[in-house]
Amino acid sequence: MRFEIMRLDDVDGTAVDTTVVDAASVNGIVQQAAAVGQRLWIRPADTPAP
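Written as structure tokens, this is what we have:
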């Protein structure tokens, strides 16, 4: 499964950066964001139907 991770602006909460990663990468990104107090929005990425 793939997830879209958006880094959010500290002032107004708007998305300032977006990346799509596989499930195995999510934990590392969350740990890095937590270490510096960064806000994230994580949701399942849109995947094309087979």
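One gets this note's numbering by counting positions in the sequence shown from 1 and adding 54 to each. No residue lacks a Cβ here, since even glycine has one placed at the ideal position from N, Cα and C.
C-beta contact flag for Ala77 and Arg61 at 9 Å: Position 23 of the sequence shown, counting from 1, holds the residue named residue 77. Position 7 of the sequence shown, counting from 1, holds the residue named residue 61. Remark: C-beta atoms of Ala77 and Arg61 do not approach each other more closely than 9 Å.
Within a Cβ cutoff of 7 Å, which residues of the same chain sit near Asp63, ignoring the five residues on either side of it in sequence? Stepping through the sequence shown from its first residue, residue 63 is reached at position 9. The residues are Val70.
So what does Ile68 bridge to, in DSSP terms? Here residue 68 refers to the residue found at position 14 of the sequence shown. Note that residue 68 is Thr in the sequence shown, not Ile. The partner list for Thr68 (beta bridge, DSSP) is empty, contrary to what the question assumes.
As a quick exercise: from Gly67, Leu94 and Thr68, pick the residue whose alpha carbon is nearest that of Asn80. What you label residue 80 is simply residue 26 of the sequence shown in a count that begins at 1. Position check: residue 80 holds Val in this sequence, whereas Asn was assumed. Among Gly67, Leu94 and Thr68, the Cα nearest to that of Val80 is on Leu94.
Of the listed residues Ile83, Val90 and Ala88, nearest to Thr72 (C-alpha basis): On the sequence shown, residue 72 is found 18 positions in, with the first residue counted as 1. Proximity to Thr72 across Ile83, Val90 and Ala88 peaks at Ile83, based on C-alpha coordinates.
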